[in-house]
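In my numbering, the protein residues as written are 83 to 325.
#1: According to DSSP, residue 134 sits in a beta bridge with which residue or residues?
#2: Let me check you understand the geometry: is the CB of residue 318 closer than 7 Å to at least one non-hydrogen atom of the ligand FMN?
#3: Alpha carbon to alpha carbon, how far is residue 217 from residue 308?
#4: Among the candidates 199, 117, 125, whose CA atom is the shortest distance from the CA of residue 89?
#5: Which ranges does the beta strand (DSSP E) cover as unbroken runs of at least 3 residues, wholly within the region 164 to 197, from first to last along the chain?
#6: Check whether the region 234 to 254 touches the region 286 to 294, counting contact only when three or more Cβ pairs, one atom from each stretch, lie closer than 8 Å.
#7: Would you list the residues sitting across from residue 301 in a DSSP beta bridge?
#8: How many Å lie between residue 265 and residue 164 at the Cα?
#9: By a C-beta neighbour count over all protein chains shown, 10 Å radius and 16 as the cutoff for buried, is residue 281 buried or exposed?
#10: Could you give the DSSP three-state label for residue 293: helix, strand or coil?
#11: Kindly indicate which three-state DSSP category residue 100 falls into: helix, strand or coil?
#12: In whole angstroms, give me the CA-to-CA distance for residue 226 and residue 254.
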């Protein structure tokens with residue numbers, strides 16, 4: 083999966099003297115297949131690099147395919163050396179995710195040697211790639227959804243009167259992780275009775291007695307998220323509540 087993604091991006095680079103720099107965590111994971119809080123991907127038409135610090139280097143060197151994994155020492159110097167090696171003239175950046183302060187730093191560090199392309203072109207290229215899901219991506223999305231569904235089924239079987247919204251949310255989160263989720267898609271929402279009218283309320287200490295239960299939740303598998311919302315009634319609803 084990851085090798086195919088980076089190869090597709092390499093084929094979209096305008097020419098041999100252009101480099102795409104990827105620092106956004108989500109995009110970085112999409113191209114490396116590796117989850118990390120830091121790191122830089124440099125992509126040319128004929129070569130790709132992943133610069134990562136000591137915390138991740140050993141594992142990244144074992145698992146990342148399709149690019150050279152480099153142990154970060156002085157990132158700016160290492161990036162400059164790679165740009166020089168490839169005689170790069172243009173450095174494309176992710177205009178829709180890079181902050182103004184980071185862009186300023188990049189321009190001050192590399193702007194004398196290469197043209198900093200802050201147009202939306204790279205972001206649009208990445209968006210065009212990511213919007214098309216291959217079989218591998220679809221299987222991960224499907225697995226994330228199945229985990230969420232199984233987690234919900236577990237809650238239905240184990241929820242009890244007197245439990246708080248927080249307790250039910252924690253039960254669901256733990257169950258999804260035990261089922262194989264690497265994380266939850268977002269803060270799980272569990273709301274009882276009158277709170278269930280709040281689409282994005284925060285679970286509190288209200289206890290389950292009788293009434294509507296709103297749940298909004300999802301699971302993450304290899305960076306792909308599921309998202310589902312379910313509403314059910316605890317106890318026997320009145321005729322008005324059935325409507």
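The beta carbon of each residue, even a glycine, is placed where N, CA and C say it ideally should be.
For this structure:
#1: 153
#2: In terms of ligand content, the structure shown is empty, and the ligand FMN therefore cannot be addressed.
#3: 16 Å
#4: 125
#5: 172 to 174
#6: Pairwise C-beta distances place the region 234 to 254 in contact with the region 286 to 294, as three or more of them are shorter than 8 Å.
#7: 266
#8: Between residue 265 and residue 164, the C-alpha separation is close to 35 Å.
#9: exposed
#10: strand
#11: strand
#12: C-alpha of residue 226 to C-alpha of residue 254: approximately 14 Å in a straight line.
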